[in-house]
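Step one of this worksheet: look at the structure below.
2 protein chains.
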Amino acid sequence: MSPEIEKLADKLLLKIRRRPGKTVSLTNLGQTLKAEPDELRSALILLKELGYKIRKQKNTIKFVAPADSLTDIEIGYQLKTRVIGRKIYAYRSVKSTNDIAAGMAQSGQPEGTIVTAEEQTRGRGRLGRSWHSPPGCGIYVSIILRPRFKPEMAPGLAVMTALALADTISEVSKGEIKIKWPNDILIGGRKVAGILTELSAEKKRVEYVVIGVGVNVNHKTDDFPSELSSIATSLRIANRRKVGRVHLLKRFLENFEKEYRRYRKGQLAASRRKIRRYSSLLGSYVRLRFGNKTVEGIAVDIDHTGALIIEKDSHRRTITSGEVTVVKDRG
Amino acid sequence: MSPEIEKLADKLLLKIRRRPGKTVSLTNLGQTLKAEPDELRSALILLKELGYKIRKQKNTIKFVAPADSLTDIEIGYQLKTRVIGRKIYAYRSVKSTNDIAAGMAQSGQPEGTIVTAEEQTRGRGRLGRSWHSPPGCGIYVSIILRPRFKPEMAPGLAVMTALALADTISEVSKGEIKIKWPNDILIGGRKVAGILTELSAEKKRVEYVVIGVGVNVNHKTDDFPSELSSIATSLRIANRRKVGRVHLLKRFLENFEKEYRRYRKGQLAASRRKIRRYSSLLGSYVRLRFGNKTVEGIAVDIDHTGALIIEKDSHRRTITSGEVTVVKDRG
Chain A
1 MSPEIEKLAD
11 KLLLKIRRRP
21 GKTVSLTNLG
31 QTLKAEPDEL
41 RSALILLKEL
51 GYKIRKQKNT
61 IKFVAPADSL
71 TDIEIGYQLK
81 TRVIGRKIYA
91 YRSVKSTNDI
101 AAGMAQSGQP
111 EGTIVTAEEQ
121 TRGRGRLGRS
131 WHSPPGCGIY
141 VSIILRPRFK
151 PEMAPGLAVM
161 TALALADTIS
171 EVSKGEIKIK
181 WPNDILIGGR
191 KVAGILTELS
201 AEKKRVEYVV
211 IGVGVNVNHK
221 TDDFPSELSS
231 IATSLRIANR
241 RKVGRVHLLK
251 RFLENFEKEY
261 RRYRKGQLAA
271 SRRKIRRYSS
281 LLGSYVRLRF
291 GNKTVEGIAV
301 DIDHTGALII
311 EKDSHRRTIT
321 SGEVTVVKDR
331 G
Chain B
332 MSPEIEKLAD
342 KLLLKIRRRP
352 GKTVSLTNLG
362 QTLKAEPDEL
372 RSALILLKEL
382 GYKIRKQKNT
392 IKFVAPADSL
402 TDIEIGYQLK
412 TRVIGRKIYA
422 YRSVKSTNDI
432 AAGMAQSGQP
442 EGTIVTAEEQ
452 TRGRGRLGRS
462 WHSPPGCGIY
472 VSIILRPRFK
482 PEMAPGLAVM
492 TALALADTIS
502 EVSKGEIKIK
512 WPNDILIGGR
522 KVAGILTELS
532 AEKKRVEYVV
542 IGVGVNVNHK
552 TDDFPSELSS
562 IATSLRIANR
572 RKVGRVHLLK
582 RFLENFEKEY
592 RRYRKGQLAA
602 SRRKIRRYSS
612 LLGSYVRLRF
622 GNKTVEGIAV
632 DIDHTGALII
642 EKDSHRRTIT
652 SGEVTVVKDR
662 G
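Line by line, the protein sequences give chains A and B.
If you're matching positions, the first sequence starts at 1 in the numbering used here and goes up one per residue.
If you're matching positions, the second sequence starts at 332 in the numbering used here and goes up one per residue.
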């Protein structure tokens, strides 16, 4: 497909997308877009291949439904944010959207730039046996931030992101939605989404932060390898129906922007009640590993910096990161 | 470590690195670099931690040996290239240097920019079981190119890179060094290096190419998982001694630049004799898979575009990419 046709398809889409259901004459479109009938036809074929539903009748077309593809045009269409997602780089398949975003951040891309992929290949290679999801099932997005705060404020961004993500998932999904501190989202105890925060900072200044988010959206049970099926799930499995990925991503970007604005003002102070309610750990006896160390205790709170507070023998410890295992559930 | 000390260490290194073995007074250095004794001491500690051998005696220091670390200062030091590696981004650990380089290329970084890493994590994650090499053993480098040629010329870049890499490895290693078309380097039949080329192009124009190279340099036999040990090797295993990674990378960048200049003039025409000599496939009966298709035949040549020519029943086919299995060795 030539780049000219791709550009024409973009323009055509922008024209008809605003008036779903309305019949538009191809002759008029050709005049407005300065395109020959042949070119228009090719552009329409391309849009149909991308998943758009467009009905053609004689010399008219009618926009019926958009495609659920993570393309810049779909993600950017009527996106209600001011900063996050104002610049979109949409890839089909990459190893790591976070790495691409890091390269972009290093090269000066502004705050709010996002990198998306339909598929993360996770370095398959000839011997790489690690699992990866089929294309079209997941959402992989990385957001570049350039916050003007000290590096100490960066760890809380994972919890802030988890909050925005849990809120977004709650909008479209039933099931008990929980945040497993600091960076997993669970539905019914199984992982449905994860967050990976990476930052580049000097002593007193954050240069950039890349926040990567992966969500299992439309995986079926047998899309997961057997060793994962008891601990992972998808929104489709939890809801017994497909969930729109573009809609979900846009709502996440909008919720993320809202929470990020709050976070810059007062860290997590304004959101603590919600965070506590979402937490899968509070009240449980947990074990934390960081490096070679292990700490145990009852998870009693998450503070305004995003740190987990655990208590043992009337002694409280503040944990800023680590991998948690629940030893004994609350109650 | 504060960024000021890191900068001072860079400057200090540039001062003493040029005159190995020469005793330099710390008082003089302090004056030249406008640094307090305390700051100089911290900078020296940092350099030692990075692996530099610097002898301190009373109020003098002597540069003994550089570190074999993939840092921008070491890679760039007396690098004899004009374009390749003139801009260096050195990372410690990433998932994919190619993805970082793609992000940078997308954001306008110039031809010749390189991204290096001491370690590629290949998306480990909790269930990712794919193998990754221990830090300090390998070389991972991605090169950004912005060639002014048509997309048809891009596939040959993998073979061109393989040639530069095979030449470089031959300079430091014994053993039979071969190119397994199109993008693996073998020593004694085992894989020692691999190449991954990725490109962004429109119909008539290459926007950018990212060429990623991974070399197993200082792995010991038990650094490889058991399922790899019969098919993978390292320069250290092949030579029974450690090989300098910085030196190897610099020589590769220099050889790469030379071959790339040739390639732009006449593709692989000037290098075909060498490529044929390095080829592990020519003369063998091979099987090629691309997509769902399989083609068999005797590998008879590699043409000036980098394509493999295979022959069966007096019929020749030109193959531009695919995964090859040797069915029957030549002879």
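Don't be surprised by glycine CBs; every beta carbon is placed ideally from N, CA and C.
Being a predicted model, the structure only gives us computed values, none of them experimental.
Open item on the list: Which same chain residues end up closer than 6 Å to S200 (chain A) when comparing Cβ atoms and leaving out the 5 residues on each side of it in sequence?
Closed with: E207 and Y208
- [ ] Say whether chain B places a C-beta atom closer than 7 Å to the C-beta of Q109 (chain A).
- [x] yes
Open item on the list: For I272 (chain B), would you say it is in contact with chain A, using Cβ-to-Cβ distances shorter than 7 Å as the test?
Closed with: Nothing can be reported for residue 272 (chain B): it is not among the residues displayed for chain B, which extend from 332 to 662.
- [ ] Identify the continuous beta strand (DSSP E) that holds T428 (chain B) and give its terminal residues.
- [x] From DSSP, T428 (chain B) is part of no beta strand (DSSP E) but of the alpha helix (DSSP H) over T428 to Q437.
- [ ] May I have the straight-line CA-CA distance separating P134 (chain A) from K220 (chain A), to the nearest angstrom?
- [x] 10 Å
TODO: May I ask you to report which of helix, strand or coil DSSP gives F394 (chain B)?
DONE: strand
Open item on the list: Quick check for students: name the residue ranges of the alpha helix (DSSP H) that lie wholly in the stretch 545 to 578 of chain B, counting only runs of 4 or more.
Closed with: 566 to 570
Open item on the list: To the nearest angstrom, how far is the alpha carbon of L228 (chain A) from that of R190 (chain A)?
Closed with: 10 Å
Open item on the list: Here's the rule I'm using: 16 or more other beta-carbon atoms within 10 Å means buried, otherwise exposed. How should R567 (chain B) be labelled?
Closed with: buried
Open item on the list: Residues in the same chain with beta-carbon distance under 8 Å from T636 (chain B), minus the five sequence neighbours each way, listed in chain order, please.
Closed with: E483, M484, P486, G487, Q598, L599 and T651
TODO: Give the interface partners of A432 (chain B) over in chain A, defined as CB-CB distance under 8 Å, in chain order.
DONE: G103
Task: C468 (chain B) to L612 (chain B) span [Cα, whole Å] - done: 28 Å
TODO: Assuming G244 (chain A) contacts F290 (chain A) (C-beta within less than 8 Å), just tell me the rounded distance between them.
DONE: Not really, about 38 Å apart at Cβ, beyond 8 Å.
Task: is_contact[V425 (chain B), chain A] using C-beta, thresh 7 Å - done: yes
Task: For L165 (chain A), the first and last residue of its enclosing alpha helix (DSSP H) - done: G156 to V172
- [ ] Would you list the one or two residues that DSSP bridges to S473 (chain B)?
- [x] B:V446 and B:G543
Task: Inter-residue Cα distance where the pair is I143 (chain A) and E380 (chain B) - done: 34 Å
TODO: Note down the Cα distance separating M435 (chain B) from L360 (chain B), rounded to an integer number of angstroms.
DONE: 37 Å
Task: Straight-line Cα distance separating I431 (chain B) from A101 (chain A) - done: 7 Å
Task: Best match in A:N98, A:I88, A:M160 and A:L8 for proximity to Y260 (chain A) [C-alpha to C-alpha] - done: A:M160
TODO: To the nearest angstrom, report how far apart D301 (chain A) and W181 (chain A) are at their CA atoms.
DONE: 11 Å
- [ ] Look at the alpha carbon of A65 (chain A) and the alpha carbon of L26 (chain A), and state the distance between them as a whole number of angstroms.
- [x] 18 Å
Task: 7 Å Cβ shell around R86 (chain A) - same chain, five flanking residues per side excluded - done: G112
- [ ] Note down, in chain order, all residues in the stretch 140 to 151 of chain A with a beta-carbon under 7 Å from any beta-carbon belonging to chain B.
- [x] none
Open item on the list: Using the three-state DSSP reduction, which class does Q409 (chain B) fall into: helix, strand or coil?
Closed with: coil
Task: Nearest to F587 (chain B) (by Cα), restricted to the options B:T452, B:L377 and B:A489 - done: B:A489
- [ ] Starting from Y89 (chain A), find everything on chain B with Cβ-Cβ shorter than 7 Å and list it in chain order.
- [x] Q437
- [ ] Identify every residue that forms a DSSP beta bridge with T272 (chain B).
- [x] Because chain B is modelled from 332 through 662, residue 272 (chain B) falls outside the range shown and cannot be assessed.
- [ ] Would you mind sorting Q106 (chain A) into buried or exposed? The rule is 16 or more other CB atoms within 10 Å of its CB.
- [x] buried
TODO: From the DSSP output, in three-state form, read off L627 (chain B) for me.
DONE: The residue asked about is misnamed: residue 627 (chain B) is Glu in this sequence, not Leu. Of the three classes helix, strand and coil, the one that applies to E627 (chain B) here is strand, per DSSP.
Task: Alpha-carbon to alpha-carbon, N239 (chain A) and K174 (chain A) - done: 6 Å
Task: Buried or exposed (CB count within 10 angstroms, at least 16 for buried), R92 (chain A) - done: exposed
Task: Residue from A:H247, A:L79 and A:I139 whose Cα sits closest to the Cα of V192 (chain A) - done: A:I139
Open item on the list: Please list the terminal residues of the continuous beta strand (DSSP E) segment that includes Q388 (chain B).
Closed with: K384 to Q388
TODO: May I have the straight-line CA-CA distance separating V213 (chain A) from L249 (chain A), to the nearest angstrom?
DONE: 10 Å
TODO: Identify the continuous alpha helix (DSSP H) that holds S373 (chain B) and give its terminal residues.
DONE: P368 to E380
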